[in-house]
Amino acid sequence: MSAALEVSGLTAGYGGAMVLHGLSLSVQPGEIVALLGKNGVGKSTLLKTVMGLLAARDGTVSLFGESVSRLPAYQVARRPLAYAPQEKALFQDLSVEQNLRLGLRDAGSFERRFARIADVFPVLATRLKQRAGTLSGGEQKMLLVSRALLASPKLILVDEISEGLQPSVIGRLATVLREEREQSGTAMLIVEQNVGFALTMADRYLLLKRGEIVGQGKVDSPRSADQLAAQLGV
Amino acid sequence: MLVAPEVLPTYLVNTLIRAFLYAAVAITVDILWGFTGILTFGQSAFFGFGAYAAALVFTHAGFGPGLALIAFGVAIVGAMLLALLVGWFAFHPGASPLYGSVITLVLPIVVSQLLYSGGSFTGSSSGLSGFESFDLSLEAWFRIAGVFLIATTAGVWLFLRSDGGRILEAIRDNEQRCEYLGIDVSRVKILLMMACGAIASCAGFLFACVQMVVAPEYAGFAFGTELLMWVALGGRGTLIGPLIGTLLLDTSTSYLSGSLPFLWKLLSGLAFVVVIVALPQGLLPALASAIRRAWRRGAPASVAPTAEVELHSADPQPLAGLASAGRLALSVKDVHKRFGSLQVLRGIGFAVRPNELLSLIGPNGAGKTTLMRCIADGAERSSGTVRLNDHDIRHSSPAACVALGAGRKFQNANVFDSLTVAQSMRVARTRLKRPSLWRRERALALPTAALEVMRATGLDRQLHVASRDLSHGMKQALELAMVLALEPSVLLLDEPTAGLTKAERTLIGRILLDLTQSHTLCVLLVEHDLDFVHEISTRIIVLHQGQIVLDGSVEEVVNSDLVREIYAGAATPGAHG
Amino acid sequence: MTLVLDMLTTAAILYGVAAGLLIVFGVMKIINFAHGAFLTVGGYAALLVTHLGWNPWWSLPVAFAVGGACGAIVERLVMKPLYKRPLDAILATWGLAIVIGQCITLVFDRGVQFVQSPLTGAIDFLGISYSSYRLFVIPLSLAVVGLLGWMMNGSRLGLVTRAVIMNEDLARALGINTGMVRLATFSLGAGLAGLAGALITPLSSVDPNMGVPWLVNAFMIVMVSGVSLVSLGVACLVLGSAQVLVSTWANPILGGLTIVVLAAVILRVRPEGFARA
């Protein structure tokens, strides 16, 4: 079976400066992979390039065995994947419901799909008509994750979702994502600076430094996750 | 020129006189639009102003040498005052380019409508005619108009190729960089508009004297856009292109519009659209480069070919005498920044002495770049005080903050694409040494700090390379050198190592260390590369969610648990409940 | 009383004319200087309806369709390369306006012509007599804009369009074909312009340059009003009334300048104009 996401020899950047240098990685179906690294190493750039929001200088990207390298962003987004960007991820002036609806291609299935989400994040059900910009930081991230889960994607790309959140909210998000994988077999690529959070969910981790993978390994047990996090710290 | 009017048919001579005057106005449009990037619809208003100045004086007060002089004075001075008013609207700090263009659009509409509503004083829609003017033959007028055009073109050409002319291109390429180099861009634009307005008004004055007929259409919006069309088709930013374009098109129009009125207008409109969409450099340059390719000649000479430049060391002018260097280079007290309901910076306070190398670190969204902006631009912060060299910056513009000692280098290499290294450095030096408005100087005096950077990175061997052709690392170095040319006392660097190779990073690190140790400046550095920060800083401030959480020596910060948490997340998930 | 009605009807007409320009400006962030030309096209569509002898009410949908079709063609051929160059877009659309104007002149000839009004006569009430059609423009204009507003707020297309206005990259990342949205929006804007043209012509006449004064006024109002249909309405009311007052008490030509000058001054003082903070 082909990989959910296959990146090969990817070189991309902004203006004259390349941020990714011949990067290769893969995410298998049902697998959660954590991509770790400090700021500016190219984590967000990788996700944007995969989504087609940024044109790659060199290299290929495949989703579920099909090449998406030359496709415009909106066509990539119509594959069974969801993308939770790091910033400007929600329409601040639209309501919670409108933000969610924009995550679905077919409007008809909204009620059914939302019922599933309401179980996971009941607070959103009470705030459906509220403007997204008036939600708290934690609630906005919950909305972001909900939008990603709504269409039951087979692959989710998450960009630094834990940033600026309280530990309790971070814990909740981790649980929700893990459970989604248990129930639906969704593959995930979690991009993070917060090593602890990422390792509570991941099966495997990759270390990114200056646009290249410099290390990787498996996360076998919760205890080894703690040790790793300590090792990978400042 | 001397022979032509005798030989050519009268109709053509008449047409050419008009075309010469229009071409002079088209040149002013090219200066504003092609060279400086200001889309202006309004040069026709100045032309009409000059024409009506003559017509009104000669109609209502009569004609005579004294009166002619008065009319001319009114035309020139009045046009400059009008330009000042327009500029005050169009180029106020914070005005968008769209707003500026909108104002230049409103100008000819207002002027022509006022002329329409002027009753018998201005002659309303029929204009003024039959007034007395200079008693000169058509041939004499031909020579006068021709000389006027040649003189204008020569003067403008001299200015554009001078060192001062480079500032226009700098503004067109990167207005923000100009502001942060201490150049008052609004003032430059207003002065430019006044000069161009005066030239256009002069052309209008001559026009009225020759034709002895004026009408409100000459000051209107349609003529203003026609000028833009001629410049676009002839080739914006080339000076010669608009000149030839106007002469050819206006002459053709007067011959063809009689026989094929609508078709001609249709074709020129179509050509205009095609040029804007597909050939932005203009028809004539496209034709010229096609011909050149056919004849296999070398690269075209630009209006300002590069001259030989020699670098010298300049005498230090710290703060150019405006303020003395303070005890504290930078003092920030209780600074807050809000974006609507979002609180980005909270109660920021710290002080920096000269010779300190302070690094500002923190996760994304902590507010580091916002803080830099608040230091370099007095209008940014919501509350609190920022003092540069013991001077409160209050609400000073970025250019004024440069005068107080701030020098900001942006995150992405923010340079002037079409200027060479030498030209960029000279523009950077503008605040302290006014460039000549007509000469190209050989000598370029720069402060030792800037020279050191240029020598260490090899920029001094690439003086005549256009900035857009430099590698990313060299662009970063060039921007650093430009900022150092300001002789700042507070150097604000936003991620100076972004996109650099390891060798380049080491070099920049060494240069920065050198700067703080041997020159009287302090460096405030935003960085993500913690190894780099560790190697060169004397002090680190950690910013998290808009607040300072730690301010101390390198050892203290690097070994702190708090920093580790912030950067790497909790060692054990859920340990902080 | 006539004065009040004049103010209201002027505001309503401006609203109809400016709505299409606002939609295009909001989605594509460029000013369409061909808007006046589309208006003229709509006016001539109405003329065609009169020449064909059809019921004059047909001029409205015909003008909308013809305007929309022109808009679609223009968007594909001319606008696409210009999205990154807003100032050049102003120039190109102005050139286009000239081209369209000349084409119309070649087909219809340059004289002033008249269309048949769908409503004739005047209504007497409150002691004055006022043109029925002019009065009818108010509900008609409000209906059109109301329909537009309902579409923007109540339909999927409207939601998608608003998303593109707010954050185009995010919209793309959610699978929205922003190219199609731009085409639909530009065509809609052009169709609305055509509709407005058909709406205005019974009040005066048709000539190849009728669009120009409307263009400049509508354009200034759009600049002042931000991106909501409500603030556009407020701007039309305030500036339209000012124009009527100046025309009546001072001089009609100065009246024609009121909107343009007031808008420039407002923007100098408050760059967001009428938009809510």
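Residue numbers (my numbering), protein chains in the order written: chain W, 178 to 411; chain B, 372 to 948; chain L, 9 to 285. Virtual Cβ for every residue (Gly too), placed ideally from N, Cα, C.
Problem set entry | Environment of P126 (chain L) [buried if 16+ CB atoms lie within 10 Å] | The Cβ neighbour count for P126 (chain L), taken over all protein chains shown within 10 Å, is at least 16; the residue is labelled buried.
Exercise. For a contact meaning CB atoms closer than 8 Å, what does L104 (chain L) contact in chain B?
Worked result: Neighbourhood of L104 (chain L) in chain B, by CB distance below 8 Å: G640 and V644, in chain order.
Problem set entry | Test item: CB-CB of V145 (chain L) and T17 (chain L) under 8 Å | Cβ atoms of V145 (chain L) and T17 (chain L): closer than 8 Å.
Problem set entry | Interface residues of the segment 179–197 of chain W facing chain B [CB-CB below 8 Å] | Taking 8 Å as the Cβ-Cβ cut-off against chain B, the residues of the segment 179–197 of chain W that qualify are G190, Y191, G192, G193, A194, M195 and V196.
Exercise. Which whole runs of the alpha helix (DSSP H) in the segment 263–311 of chain W are 4 residues long or more, in chain order?
Worked result: Unbroken alpha helix (DSSP H) runs of no fewer than 4 residues, entirely contained in the segment 263–311 of chain W, are found at 273–278, 287–297 and 299–303, following chain order.
Exercise. At what residues does the beta strand (DSSP E) containing N624 (chain B) begin and finish?
Worked result: The identity of residue 624 (chain B) in the sequence shown is Thr, whereas the question assumes Asn. According to the DSSP assignment, T624 (chain B) belongs to no beta strand (DSSP E) but to the alpha helix (DSSP H) extending over I611 to S630.
Problem set entry | Proximity test, Cβ basis, 8 Å: R247 (chain W) and chain L | Chain L, which has no Cβ nearer than 8 Å to the Cβ of R247 (chain W), makes this no.
Exercise. Which stretch, first to last residue, makes up the alpha helix (DSSP H) that contains A375 (chain W)?
Worked result: V372 to M378 is the extent of the alpha helix (DSSP H) around A375 (chain W).
For this session: Classify K708 (chain B) as helix, strand or coil using the three-state DSSP reduction.
Result: In the structure shown, K708 (chain B) sits in a strand (DSSP, three-state: E or B).
For this session: Enumerate in chain order the residues of its own chain whose CB-to-CB distance from G776 (chain B) is below 6 Å, with the five nearest sequence positions on each side excluded.
Result: Here the set comprises L690, L759, N760, P859, S860 and V861.
Exercise. Applying a beta-carbon distance threshold of less than 7 Å, which residues of chain L neighbour D270 (chain W)?
Worked result: Result: M174.
Problem set entry | Proximal residues of chain B, C-beta to C-beta of K331 (chain W) below 9 Å | The contacting residues do not exist; K331 (chain W) stays about 27 Å from chain B at best.
For this session: Just tell me which of B:A516, B:G526, B:I611 and B:G449 has its CA closest to the CA of M565 (chain B).
Result: Residue nearest to M565 (chain B) within the set B:A516, B:G526, B:I611 and B:G449 is B:G449 (criterion: CA-CA distance).
For this session: Have a look at Q794 (chain B) and E850 (chain B) and give me their C-alpha separation to the nearest angstrom.
Result: If you draw a straight line from the Cα of Q794 (chain B) to the Cα of E850 (chain B), it is about 13 Å long.
Exercise. What residues are listed by DSSP as bridge partners for D865 (chain B)?
Worked result: Beta-bridge partners assigned by DSSP to D865 (chain B): B:V897.
Exercise. To which residues of the same chain is I538 (chain B) closer than 8 Å at the C-beta, ignoring the five residues directly before and after it?
Worked result: Cβ neighbours of I538 (chain B) beyond the five flanking positions: C549, I554, V559, V798, T801 and P806.
Exercise. Helix, strand or coil for R668 (chain B) per DSSP?
Worked result: For R668 (chain B), the predicted model reports a pLDDT of 47, less than 50, meaning its position is unreliable; a value from the coordinates is still stated below. Here R668 (chain B) sits in coil by DSSP.
Exercise. Smallest Cα separation from E488 (chain B): which of L:V273, L:P279 and L:A258?
Worked result: According to the sequence as given, residue 488 (chain B) is Ser; it is not Glu. Each of L:V273, L:P279 and L:A258 was checked against the Cα of S488 (chain B), and the nearest Cα belongs to L:A258.
Exercise. When DSSP builds the beta bridges, which residues end up paired with I209 (chain W)?
Worked result: Residue pairing by DSSP places I209 (chain W) opposite W:M365 in a beta bridge.
Exercise. By Cβ distance, which residues of its chain are closer than 7 Å to A287 (chain L), with the 5 residues on each side in sequence left out?
Worked result: Chain L is shown only over 9 to 285; residue 287 (chain L) falls outside these bounds and no answer can be derived.
For this session: Taking G596 (chain B) as the query, report the chain L residues whose CB atoms sit under 7 Å from its CB, ordered along the chain.
Result: Checking the sequence shown, residue 596 (chain B) turns out to be Thr, not Gly. Chain L residues near T596 (chain B): W102.
Exercise. With burial defined as no fewer than 16 other Cβ atoms inside 10 Å of the residue's Cβ, what is the status of L914 (chain B): buried or exposed?
Worked result: Around the beta carbon of L914 (chain B), 16 or more other beta carbons lie within 10 angstroms, which makes this residue buried.
Problem set entry | DSSP beta-bridge partners of G778 (chain B) | In the DSSP assignment, G778 (chain B) is bridged to B:L862.
Problem set entry | T266 (chain L): contacting residues in chain B (beta-carbon distance under 8 Å) | Identification of chain B residues near T266 (chain L) by a Cβ-Cβ cut-off of 8 Å yields none; the smallest Cβ-Cβ distance measures about 10 Å.
Exercise. If you scan the segment 109–169 of chain L from start to end, which runs of the beta strand (DSSP E) of 3 or more residues do you find wholly inside it?
Worked result: Listed in chain order, the beta strand (DSSP E) runs fully inside the segment 109–169 of chain L are 130–133 and 136–139, counting runs of at least 3 residues.
Problem set entry | Between the CA atoms of I367 (chain W) and E340 (chain W) - distance to the nearest angstrom | Looking at the two C-alpha atoms, the distance is approximately 13 Å.
Problem set entry | Minimum C-alpha distance to L182 (chain W) - residue among W:G190, W:L197, W:L223 and W:M195 | If we check each option's Cα against that of L182 (chain W), W:L223 comes out closest.
For this session: Name the one or two DSSP bridge partners that F721 (chain B) has.
Result: DSSP links F721 (chain B) through a beta bridge to B:V703.
Exercise. Can I647 (chain B) and A603 (chain B) be called in contact, C-beta distance under 8 Å?
Worked result: Result yes, Cβ atoms of I647 (chain B) and A603 (chain B) sit closer than 8 Å.
For this session: Look at the alpha carbon of I112 (chain L) and the alpha carbon of T523 (chain B), and state the distance between them as a whole number of angstroms.
Result: The straight-line gap from Cα to Cα measures roughly 40 Å.
Problem set entry | Backbone secondary structure at T756 (chain B) - three-state DSSP | The answer is strand: DSSP assigns T756 (chain B) an E or B state.
Exercise. What residue does the alpha helix (DSSP H) around V221 (chain W) start on, and which one ends it?
Worked result: According to the sequence as given, residue 221 (chain W) is Ser; it is not Val. Its alpha helix (DSSP H) spans residues K220 to M228.
Problem set entry | Nearest-angstrom beta carbon gap, I746 (chain B) and V904 (chain B) [assumed within contact, 8 Å] | The Cβ separation is near 19 Å, so there is no contact.
Exercise. Using a Cβ-Cβ distance under 8 Å, would K215 (chain W) count as near chain B?
Worked result: Interface flag for K215 (chain W) against chain B is set, since a Cβ pair is found closer than 8 Å.
Exercise. Between S213 (chain L) and V477 (chain B), what straight-line distance do the alpha-carbon atoms span, to the nearest angstrom?
Worked result: Taking the straight line joining both Cα atoms gives about 26 Å.
Exercise. Quick one: any contact between the segment 187–194 of chain L and the segment 33–40 of chain L, if contact means 3 or more CB pairs under 8 Å?
Worked result: Short answer: they touch.
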